[in-house]
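So the sequence lines, in the order shown, correspond to chains W and L. With the working numbering as the guide, the letters of the first sequence map in order to residues 303 to 428. With the working numbering as the guide, the letters of the second sequence map in order to residues 1275 to 1453. Glycine is no exception: its CB is placed at the ideal position from the N, C-alpha and C atoms. In what follows, a structure is listed as structure tokens, so that the remarks can point back to it.
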Amino acid sequence: MKKISTVYDLALAGAVLVIAAVCFLAFRGGADGGLRAEITIDGEKYAVIDLDDNESREITLPTEPELTVFAEPGAVSVIRAGCRDKICVKRGRLTKAGDTAVCLPAKVTVSVVGGKNESGVDAVVY
Amino acid sequence: MDMKKDMKLNTPARRAAFLGVLAATALVINRLEYLIPSFAFLPPGAKPGFSNVTVMLAVALLSPADAFVIVLIKGVFALVTRGLTAGLTAFCGGALSFAVTVPMLRAKRSPFGSVGAGIVGALAHNTGQLAAAVMITGTLRTAAYFPALAVFGLISGSLTGLVFGHVYRALKKLKPGQN
């Protein structure tokens, strides 16, 4: 590697930014139905929570390590985690479609989908 | 003894010692990065990954096989200090990053500079880690981290490549066959 930086490096950076922007929009899209939080455990949908209603609730997941999800109007977050890193807790509040918190040791993902108020169901557990 | 002529990585002992220094440096960098607090919109747990500069230096001054030893050590370090899932993502990211970094650095006439090599290595690392995360959680949604990770990887990869380029220039004369 003779040179430190070339114009191709710059082009590469530009291409990466474009691809990142496209992926960002792809994950954001789909404001279909009410604002909901989807929780999956080990690849299977565990619960869907309506974030449009005015109730706040805590759900403790039957996982190892244990996670506690807190759903409030317009946002969802992981407030307690039994693992060492607590990366999912540090993720903070998830508010927009596409926002996702992941716990690898527990194999859990919590993500926000949707965005327009529609359905009248509060929570569905599979 | 003529010190100038003697300063080459031309014996197994010297190569092993240098590899050891690089590997130790990688672990120290990793440990220090872990102390950096996580930022708001970035995937928590995302770290700059500057330790890849040691892998790049190993590829450039030793051999790809030697560099892979560093990748393995980093993976084991993550496994032992942070757990199974951390170790898995570290191995996947490290292996993919290694696979793209070697051709980038050894190509006779590459249009990219060391910054480009750093970017490609960092992005490959992120992609490998994300792929492992998706497999662990079984959910494609996990890949939602990708855009933020890609931009972050772009910046940190550029810095890693930049540092590598300069350090390599300074250490180049250690390489047997180089002036």
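(message) Check whether chain L comes within 8 Å of W/Tyr348, counting only Cβ atoms and requiring the distance to be less than that.
(response) For the purposes of this step, residue 348 of chain W is identified with residue 46 of the first sequence, where counting begins at 1. Not one chain L Cβ lies under 8 Å of W/Tyr348.
(message) Check whether the region 1390-1403 of chain L and the region 1356-1375 of chain L are in contact - that is, three or more C-beta pairs closer than 8 Å.
(response) By the Cβ criterion, the region 1390-1403 of chain L is in contact with the region 1356-1375 of chain L, since at least three pairs of Cβ atoms, one from each stretch, lie closer than 8 Å.
(request) Kindly indicate which three-state DSSP category W/Leu353 falls into: helix, strand or coil? (result) As a working mapping, residue 353 of chain W is identified with position 51 in the first sequence. Coil.
(request) Answer with yes or no whether the minimum CB distance from L/Ile1310 to chain W is below 8 Å. (result) Locating residue 1310 of chain L in the second sequence gives position 36, where the first residue counts as 1. Chain W has no Cβ within less than 8 Å of the Cβ of L/Ile1310.
(message) Run through chain W and tell me which residues come within less than 8 Å of L/Arg1305, C-beta to C-beta.
(response) Along the second sequence, read from residue 1 onward, the residue named residue 1305 of chain L stands at position 31. Chain W residues near L/Arg1305: none, gap ~14 Å exceeds 8 Å.
(request) Could you tell me which residues DSSP pairs with W/Thr370 in its beta bridges? (result) Position 68 of the first sequence, counted from the first residue, corresponds to residue 370 of chain W. In DSSP, W/Thr370 forms a bridge with W/Thr362 and W/Arg382.
(request) Could you check what DSSP says for W/Lys304 in three-state terms: helix, strand or coil? (result) By one-based count along the first sequence, residue 304 of chain W stands at place 2. Reduced to three states, the DSSP call for W/Lys304 is coil.
(message) Please identify, using Cβ separations under 9 Å, the residues of the region 377-396 of chain W that lie next to chain L, in order along the chain.
(response) Cβ proximity to chain L below 9 Å picks out Cys385, Arg386, Asp387, Lys388, Ile389, Cys390, Val391, Lys392, Arg393 and Gly394 from the region 377-396 of chain W.
(request) Check the Cβ of L/Val1329 against every Cβ in chain W and list those closer than 9 Å, keeping chain order. (result) As a working mapping, residue 1329 of chain L is identified with position 55 in the second sequence. Within chain W, no residue has its beta carbon less than 9 Å from that of L/Val1329; the closest one is some 14 Å off.
(message) Using the three-state DSSP reduction, which class does W/Ile343 fall into: helix, strand or coil?
(response) Taking the first sequence and counting its residues from 1, one reaches residue 343 of chain W at position 41. W/Ile343 carries a strand assignment under DSSP once its states are collapsed to helix, strand and coil.
(message) For W/Ser413, count the other beta carbons within 10 Å of its own beta carbon; 16 or more makes it buried, fewer makes it exposed. Which is it?
(response) Taking the first residue of the first sequence as 1, we reach residue 413 of chain W at position 111. Counting the other CB atoms within 10 Å of its CB gives W/Ser413 a total of 16 or more, which places it among the buried residues.
(request) Kindly indicate the opening and closing residues of the beta strand (DSSP E) around W/Ser413. (result) Sequence index remark: in the first sequence, residue 413 of chain W carries index 111 (1-based). Residues Val410 to Val415.
(request) Step through the CB atoms of chain L and report whether any lies within less than 8 Å of the CB of W/Glu360. (result) In the first sequence, residue 360 of chain W corresponds to position 58, counting from 1. No, W/Glu360 does not count as interfacial toward chain L.
(request) State the DSSP-derived secondary structure class of W/Ala313, mapped to helix, strand or coil. (result) As a working note, residue 313 of chain W is residue 11 in the first sequence. Correct three-state label for W/Ala313: helix.
(message) Suppose the cutoff is 7 Å on Cβ atoms and the five residues either side in sequence are ignored; what does the same chain contact list for W/Asn419 look like?
(response) Residue numbering aside, residue 419 of chain W sits at position 117 when the first sequence is read from its first letter. With a pLDDT of 40 at W/Asn419, under the threshold of 50, the modelled position of that residue is not reliable, and the figure given next carries that caveat. Taking C-beta separations shorter than 7 Å and ignoring five residues to either side along the sequence, the partners of W/Asn419 in its chain run Gly336 and Asp354, following chain order.
(message) Whole angstroms are fine: how far does the CA of W/Ala373 sit from the CA of W/Arg359?
(response) The residue you call residue 359 of chain W lines up with position 57 of the first sequence. The residue you call residue 373 of chain W lines up with position 71 of the first sequence. Answer to the nearest angstrom: the Cα atoms are 5 Å apart.
(request) Using a threshold of 8 Å, state whether the C-beta atoms of L/Arg1289 and L/Leu1296 are closer than that. (result) Here residue 1289 of chain L corresponds to residue number 15 of the second sequence, with the count starting at 1. Here residue 1296 of chain L corresponds to residue number 22 of the second sequence, with the count starting at 1. Against a cut-off of 8 Å, the Cβ pair of L/Leu1296 and L/Arg1289 comes out as no contact.
(message) I'd like to check one pair, L/Leu1379 with L/Met1330: are the Cβ atoms closer than 8 Å?
(response) Along the second sequence, read from residue 1 onward, the residue named residue 1330 of chain L stands at position 56. Along the second sequence, read from residue 1 onward, the residue named residue 1379 of chain L stands at position 105. Their beta carbons are under 8 Å apart, which means L/Met1330 touches L/Leu1379 by this criterion.
(message) Using beta carbons (cut-off 8 Å, strictly below), is L/Ser1388 in contact with chain W?
(response) Indexing the second sequence from 1 puts residue 1388 of chain L at position 114. Yes, contact with chain W.
(request) Measure the beta-carbon distance from L/Phe1324 to L/Ile1303 and round it to whole angstroms, keeping in mind my assumption that it falls under 8 Å. (result) The count along the second sequence starts at 1 and reaches residue 1324 of chain L at position 50. The count along the second sequence starts at 1 and reaches residue 1303 of chain L at position 29. The Cβ separation is near 5 Å, so the contact holds.
(request) Report buried or exposed for W/Thr411, applying the criterion of at least 16 other Cβ atoms within 10 angstroms of its Cβ. (result) To locate residue 411 of chain W, count along the first sequence from 1; it is residue 109. Its Cβ being crowded by 16 or more others within 10 Å, W/Thr411 is buried.
(request) Identify each residue in the region 314-343 of chain W for which the Cβ-Cβ distance to at least one residue of chain L is less than 8 Å, and report them in chain order. (result) Answer in chain order: Leu314, Ala315, Val318, Leu319, Ile321, Ala322, Ala323, Cys325, Phe326, Phe329, Glu340 and Thr342.
(request) Please report the Cβ distance between L/Ile1344 and L/Thr1328, rounded to the nearest whole angstrom; I am assuming they are in contact, meaning their Cβ atoms lie under 8 Å. (result) Against the second sequence, residue 1344 of chain L aligns to sequence position 70. Against the second sequence, residue 1328 of chain L aligns to sequence position 54. Right, the Cβ-Cβ distance comes to about 6 Å (below 8 Å), so this counts as a contact.
(message) Give me the residue from L/Pro1311, L/Leu1445, L/Ala1334 and L/Asn1326 with the minimum Cα distance to L/Lys1454.
(response) In the structure as shown, chain L starts at 1275 and stops at 1453, and residue 1454 of chain L therefore has no counterpart that could be examined.
(request) Label W/Val423 either buried or exposed according to how many other C-beta atoms from any shown protein chain fall within 10 Å of its C-beta, with 16 as the threshold for buried. (result) In the first sequence, residue 423 of chain W corresponds to position 121, counting from 1. Model confidence at W/Val423 stands at a pLDDT of 46, short of 50, so the residue's coordinates are unreliable; what they give is reported in the following sentence. It counts as exposed.
(message) Would the region 341-350 of chain W count as touching the region 382-402 of chain W if we require 3 or more Cβ pairs under 8 Å?
(response) Because the criterion of three Cβ pairs below 8 Å is not met, the region 341-350 of chain W and the region 382-402 of chain W do not touch.
(message) Between W/Gly400 and chain L, is any beta-carbon pair separated by less than 8 Å?
(response) Position 98 of the first sequence holds residue 400 of chain W. For W/Gly400, a Cβ of chain L is located within less than 8 Å of the residue's own Cβ.
(message) Considering only the alpha carbon of each residue, which of W/Phe329, W/Leu396 and W/Arg382 lies closest to W/Leu375?
(response) Mapped onto the first sequence, residue 375 of chain W falls at position 73. Position check: residue 375 of chain W holds Pro in this sequence, whereas Leu was assumed. Minimum Cα distance to W/Pro375 is reached at W/Leu396.
(request) Would you verify that the beta carbon of W/Leu353 is, or is not, closer than 8 Å to some beta carbon of chain L? (result) Translated into the one-based positions of the first sequence, residue 353 of chain W becomes position 51. Chain L, which has no Cβ nearer than 8 Å to the Cβ of W/Leu353, makes this no.
(request) Using only alpha-carbon positions, find the residue among L/Gly1294, L/Thr1363 and L/Tyr1442 that is nearest to L/Ala1320. (result) Numbered from 1 along the second sequence, position 46 holds the residue referred to as residue 1320 of chain L. Nearest C-alpha to L/Ala1320: L/Thr1363.
(request) State yes or no: is the beta carbon of L/Gly1395 nearer than 8 Å to at least one beta carbon in chain W? (result) On the second sequence, residue 1395 of chain L is found 121 positions in, with the first residue counted as 1. Interface with chain W (8 Å Cβ-Cβ cutoff): L/Gly1395 is excluded.
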